[in-house]
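For reference, the structure is listed below as structure tokens.
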Amino acid sequence: MTEPTTQAGTPAPRRKDERPDRGNVTRLGDRKKARLEELAQASAGKGGVSLLRDALRRLRRNPAAIVGATIIALFVLVAIFAPLIAPHDPVQRFDELTSRLSADTIPGPSDGFPLGSDELGRDLLSRLIYGSRQTLFVGVFATLIGLAIGVLLGAIAGAFGGWVDNILMRVTDVMLALPALLLAITLVALASRSSQWTVILAVAIVNVPVFARLLRGSMLAQRESDHVLAARALGVKKRSIVLRHMLPNAMTAVIVQATLTLSVAIIEAASLSFLGLGDPDRDRAEWGAMLGDAGVRYFEVRPELAYYPALAIIVVALGFTLLGEAMREALDPKNRR
Amino acid sequence: MSLLDVRDLSVVFQRRGERPFTAVDKVSFTVEPGQTVGLVGESGCGKSVTSLAIMGLLPKRGNKVTGEVLFEGTDLLKLRPDDMRDRRGRDIGMIFQDPLSSLNPVIPIGVQVAEVLERHQGRERKQALREARELLDAVGIPDPDRRLKEYPHQISGGMRQRALIAIALACKPRLLIADEPTTALDVTIQAQILTLLKQLVDDTGTALIMITHDLGVVAGLCDTVNVLYGGKVVERARRHELFGQPRHPYTHGLLNSVPRLDSIRGERLHAIRGSVADNIPWTEGCAFAPRCDNVVDACLEGPPPLEPTATGGDLRCNNPVSEEVAVP
């Protein structure tokens, strides 16, 4: 906001409509008017502060959000610029490493290989860095697909109610009754040939009922709300009521859930890879697979093979959880204003 | 022909396994073009249900609406849902009690005003927003260009109610139903909003149904007043007669219980005995009988009929307050 110029002591800047020959009272009035106009102008530019900007402002003040956002930002940057950051090709087996491999030794840090070798003589650091790409890719796509299907089903259930709602919700009940990982394993096992897309789809489907339930619940709450009644009293069409009045108001919870689901999706995808149900391509660096393939088998020999990917998974999942929780607080309408 | 002719409107709420509850019991009243009609009564007397039934906004299940709601001769209760939807907002506007929750929190004010214009007048968004600006100006919202872009939580309660009025009047409906429009506002704003409503109604010739429990609102605004009790009209009179000579003991009690500045210091406020919970069903007698000071034997033998009075109103009472008793 601009500094008001009409402070005590300093006269108001002369304005066109000011009549200098009037008494004290008028001048005071004029000054007040000028001040008011300035204030009005200062705030006029802003127009409406959108809810999103309001929430962002609150997020910036929350340390947990900042930590979470920083972790995620670093993670995304690493994933995008992996080829530039990684010291080596993650697939290449280096002779100077393989030569030192044996049944009970895996070479540790050495010149050019800051974290040492993995069980096949590849650079561990490079593989960790490239692994972030895989994690980001799987996490984001699994969440987006789950979100899309979940929102569609939840919106249909919440908007129509009645038997449509009943059927959809019983289906989600069945899915929610099974433990998530077990369901994901079943789904992956159903696929004839596993690839990273089977993992993505399995994780997405596991998360569909969460989104569907959440959205359906807030849609139902919206249906009873005063502003929807008011919209109906204006003769707004049903489609428009659902899409413009109910859905946007019901989405907040779902968006927050999406952030939290990202961390769940990352962990679930990593779990599937860990169990050997992920991408069969052993060359592709993936944290879960790294943990499962080498970490467990060579834990006695070199526990770092397990520590690093595990740490990476935990930190990234924590980042998304922190940001998700902070977003939930920031977007909570009860905290508004 | 009356603009709105409500005949024997009844709303019965019936839930499976529960006793049916009659919220509105054969209510009849008319609204002439440009007239302001009050529906007055305490909480639970069926005011809001009446208005929702007229608008066709009651939930589809769990209730039964009977009677006729003739709007310019067309029975709104018999209209197909699509046709009724076309009329809502265009022919009949409505203002609700709580201006904050009645506005969509995630849509700017301007778009909400524009929406109804787009819906009923087929305006393009740009044109609609221009008209919305004029409407906001007309309802006395300062700096309308800025308000257009603002969200409901950013403006004051009075301004929100003004915005709602702008939305309700956007398509120049012939009838406006205001359901306790000032209850959620503080007293200074209440007066402004009422003045605005009165002015707009006078300017546009819109008829107004004012639903309220506030007799002050009635006194300032309404031409005719229907006093509801237990879902039935117990007294109908022109404003002047109602305030000058309330005949029904309930109306009399309501007027008597308004605190007055010129009453004797230390005098207790008058109150109507008991609460709505004491009502007896209309089928067994006068619902108000258990709380009535004028109760006679006939009151408990059957429902008293609604009969015309000498002053041109209607009254449902066996033993009305005598005309000589001077009140307020």
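Line by line, the protein sequences give chains P and U.
Residues in the first sequence are numbered consecutively from 1, following UniProt numbering.
Residues in the second sequence are numbered consecutively from 1, following UniProt numbering.
Note that beta-carbon positions come from the ideal geometry of N, C-alpha and C, so glycine has one too.
Computed from a predicted structure; not experimentally measured.
Here U/P152 has L100, L103, P105, I109 and R160 as same chain residues with Cβ atoms under 7 Å from its own Cβ, once five neighbours each way along the sequence are excluded. Among the residues facing chain U, P/L214 is not included, as its CB has no counterpart in that chain under 8 Å away.
U/E301 has no beta-bridge partner at all, per DSSP.
DSSP, reduced to helix, strand and coil, places U/F96 outside both helices and strands of the structure shown, so it counts as coil. Of the residues assessed, P/T186 falls on the exposed side of the cut-off, its CB having fewer than 16 other CB atoms within 10 angstroms. Pairing U/G67 with P/L229, the inter-Cα distance amounts to about 23 Å. Against chain P, the CB of U/V106 has a partner CB under 8 Å away; the residue lies at that interface. Identification of chain U residues near P/V164 by a Cβ-Cβ cut-off of 8 Å yields none; the smallest Cβ-Cβ distance measures about 15 Å.
Within chain P, the residues whose beta carbon sits less than 7 Å from that of U/M94 are A233, listed in sequence order. When the beta-carbon positions are compared, P/L74 and P/G154 stay at least 8 Å from each other.
As for any beta strand (DSSP E) of minimum length 3 sitting wholly inside the stretch 283-311 of chain P, there is none.
Secondary structure of U/R133 (DSSP, three-state): helix. The Cβ atoms of P/L183 and P/M175 lie closer than 8 Å to each other. Within the stretch 46-57 of chain U, the residues whose Cβ lies closer than 8 Å to any Cβ of chain P are, in chain order, M55 and L57. When C-beta distances to chain U are compared with 9 Å, the residues of the stretch 216-248 of chain P below that value are S225, D226, H227, V228, L229, A230, A231, R232, A233, L234, G235, V236, K237, K238, S240, R244, H245 and P248, in chain order. The DSSP-derived three-state label of U/P308 is strand. Around the beta carbon of U/Y250, a 10 Å sphere encloses 16 or more other beta carbons of the protein chains shown; the residue is thus reported as buried. Under the 8 Å criterion on CB atoms, U/I280 is classed as non-interfacial with respect to chain P. About 13 Å separates the CB atoms of P/D123 and P/P83; that is not less than 8 Å, and the two are not in contact.
One alpha carbon belongs to P/A69, the other to P/I267, and they sit about 18 Å apart. U/T50 is bridged by DSSP to nothing; it lacks a bridge partner. Residue-level contact by beta carbon fails for U/L129 and chain P, as no gap is shorter than 8 Å. Look at U/K60 here: in three-state DSSP terms it is coil, with no helix or strand label. Look at U/R316 here: in three-state DSSP terms it is coil, with no helix or strand label. Burial state of U/T182 is buried, judged by a 10 Å Cβ sphere holding 16 or more other Cβ atoms.
Put simply, the backbone Cα of U/V201 is about 11 Å away from that of U/I209. Residues of the stretch 114-126 of chain U with a C-beta atom less than 8 Å from some C-beta of chain P are E115, V116, R119 and H120, listed in chain order. Taking CB atoms only, U/S257 has no neighbour in chain P less than 8 Å away. For U/E72, DSSP assigns no beta-bridge partner whatsoever.
A contact between stretches requires three or more CB pairs, one per stretch, nearer than 8 Å, and the stretch 207-222 of chain U fails this requirement with the stretch 269-287 of chain P.
At least one beta carbon of chain P lies nearer than 8 Å to the beta carbon of U/D98. In the DSSP assignment, U/F29 falls within the unbroken beta strand (DSSP E) covering F21 to V31.
The closest CA to that of U/G44, considering only U/T30, U/V31, U/D25 and U/T36, is found on U/D25. Within chain P, H227 and A230 have C-beta atoms less than 8 Å from the C-beta of U/L103, given in sequence order.
Within 8 Å of the CB of U/R133, no CB atom of chain P is found; the nearest one sits about 13 Å away. For U/D186, not one C-beta of chain P is nearer than 8 Å to its own C-beta.
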